[in-house]
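Accompanying notes for the structure given below.
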Amino acid sequence: MRDEGTTRLDEAARAGWLYYVAGNTQDQIAAKLGISRQAAQRLVSQSVSAGLVRVRIDHPIAACLERAESLKQRFALSYCEVVPSDPASASTTLGVAEACAAEMERHLKREAPTILAVGTGRTLRAAVEHLPPMTATQHRIVSLTGNIAPDGSASVYNVIYSMADQVNAPHYPMPLPVVVSTPEERQLLHKQKVVEMTLQLAARAEVTFVGVGEISAKAPLVLDGFITAEERVDLEGQGAAGEIVGWVFDTSGKLIDCRFNERVASAPIPSIRYGDVIAVAMGPAKTSAIRAAATGGLINGLITDEATADRLLG
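Here is the structure:
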């Protein structure tokens, strides 16, 4: 049984998270926690005086820890972090991006040289924006995805350059379109020496951070122009459940043998046999895709929020 002091710290940590991370007012916190405004004010103050609030909440909320442990057991994950949910927020990165930045920082502060691979997307870009400036020249950062959008412009969600600038580490972009026109074109591009070296480096990554995309009309692949509405419907008909760095997989977490995957120019998703592959994702739309990726062993790490954790465990 948890003692009163520990429970009080849990409440202070939650109030501190809602105030400093989610940006709620004390009146909003009072309403969400079912307490008075004065009590909310005291809890927020306690979160600071107890040393729980720095740039992020350092005190793990018990409910989040319990969900994380349950997810690890359910999906045989080696790493899992669950952050609090703000039911009133429409953000798809809130809290998760900060937690991802903290985990990235932990790896980048290690003295032993590490190959760190990154995917692309809104959540990872938000995470990189939360990284503190540091010098990590002993590490190598490699992109799993191309940095060229369908219209030939630079992809706005490719994070390799901004991450390298923030942490001052050698970086290896993938100088390719995310999706190419034909399988033959991909084969030709992958034979280029500079691309070949990047692919080899990505395969040896000790830790990888990726987003997870759903296959729906509002999926990133559709909204960002990588597949047409007709292609999406075709993929759905073939059992597509989600995608990681462009690679489309089914509900069992197996990559689908389809024409689209034959045109994906991304590096293969690193194997969990050789390192950690951590998915950073939350939200109702992505729950099925996260479950499929975890079930099929495409990932062995997960950073998500309470609400998504509950759906995955349901």
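Going by the UniProt record's numbering, the sequence shown opens with residue 1, and the numbers climb by one from there. Glycine included, every Cβ here is placed at the ideal spot set by N, Cα and C.
query: Given a cut-off of 8 Å on the beta-carbon distance, is the pair Ala50 and Ala39 in contact?; result: no
query: Run the CB neighbour count on Trp17, radius 10 Å, all protein chains shown included, and call it buried at 16 or more, exposed below.; result: buried
query: Quick check on the burial criterion: 16 or more other C-beta atoms within 10 angstroms. Buried or exposed for Tyr19?; result: buried
query: Decide if Met1 is buried, meaning its Cβ has at least 16 other Cβ atoms within 10 Å, or exposed.; result: Reliability of the predicted coordinates at Met1 is poor, the pLDDT of 45 falling under 50, and the value obtained from them is presented with this limitation in mind. So Met1 ends up on the exposed side.
query: Residues in its own chain within less than 6 Å of Ala149 by CB, not counting five upstream and five downstream?; result: Ser155
query: Does residue 339 come out as helix, strand or coil in the three-state DSSP assignment?; result: The question about residue 339 has no answer here: the residues shown for the chain are numbered 1 through 314.
query: Which one of Leu94, Phe209 and Leu189 has the shortest CA to CA distance from Leu108?; result: Phe209
query: Ignoring anything shorter than 3 residues or poking outside the region 12 to 83, list the beta strand (DSSP E) runs there in chain order.; result: 79 to 83
query: Identify, in the order they occur along the chain, each residue of the same chain with its Cβ nearer than 8 Å to the Cβ of Glu11, setting aside the five sequence neighbours on each side.; result: Leu33 and Leu43
query: Could you say which of Leu188, Ala13 and Ala101 lies nearest to Ser45 if we only look at CA atoms?; result: Ala13
query: Could you tell me the alpha carbon to alpha carbon distance between Val194 and Gly121, rounded to whole angstroms?; result: 24 Å
query: So, for Asp276: in the same chain, excluding its five sequence neighbours on each side, which residues have a beta-carbon less than 8 Å away from its beta-carbon?; result: Ser78, Tyr79, Glu206, Val207, Thr208, Asn300 and Gly301
query: Measure how close the beta-carbons of Ala117 and Pro270 come, nearest whole angstrom, since I'm counting them as under 8 Å.; result: 6 Å
query: Kindly confirm or deny that the region 254 to 266 and the region 279 to 289 touch, where touching means at least three C-beta pairs closer than 8 Å.; result: no
query: Decide if the region 128 to 148 is in contact with the region 213 to 229; the criterion is three or more beta carbon pairs, one per stretch, under 8 Å apart.; result: no
query: What is the C-beta distance between Gly146 and Ser266, in whole angstroms, given that I count them as a contact (C-beta under 8 Å)?; result: 7 Å
query: If the criterion is Cβ atoms closer than 8 Å, does the pair Val245 and Leu144 meet it?; result: yes
query: First and last residue of the alpha helix (DSSP H) that includes Ala99?; result: Val96 to Leu108
query: Could you name the residues of the same chain whose beta carbon sits closer than 6 Å to that of Gln138, not counting the 5 residues immediately before and after it, in chain order?; result: Pro113
query: Does DSSP classify Thr198 as helix, strand or coil?; result: helix
query: Let's see if you can read the secondary structure: which residues bound the beta strand (DSSP E) around Gly301?; result: Gly301 to Asp305
query: Need the endpoints of the alpha helix (DSSP H) that Val167 sits in, please.; result: Ile160 to Val167
query: Would Gly237 pass as a contact of Ile272 if the rule is Cβ separation under 8 Å?; result: no
query: Short of 7 Å in beta carbon distance, which residues of its chain neighbour Asp37, apart from the five on each side in sequence? Order them along the chain.; result: Sequence inspection shows Arg at residue 37; the Asp mentioned does not correspond to that position. The answer, listed in chain order, is Gln26, Asp27 and Ala30.
query: Rounded to the nearest angstrom, what separates Val83 and Thr308 at their Cα positions?; result: 10 Å
query: Quick check for students: name the residue ranges of the beta strand (DSSP E) that lie wholly in the region 110 to 152, counting only runs of 3 or more.; result: 115 to 118 and 140 to 148
query: Tell me whether Phe226 sits in a helix, a strand or coil according to DSSP, three-state version.; result: coil
query: So, is Ser85 buried or exposed, given that buried needs 16 or more other C-beta atoms within 10 angstroms?; result: buried
query: Less than 8 Å between the beta carbons of Ile215 and Val248, yes or no?; result: yes
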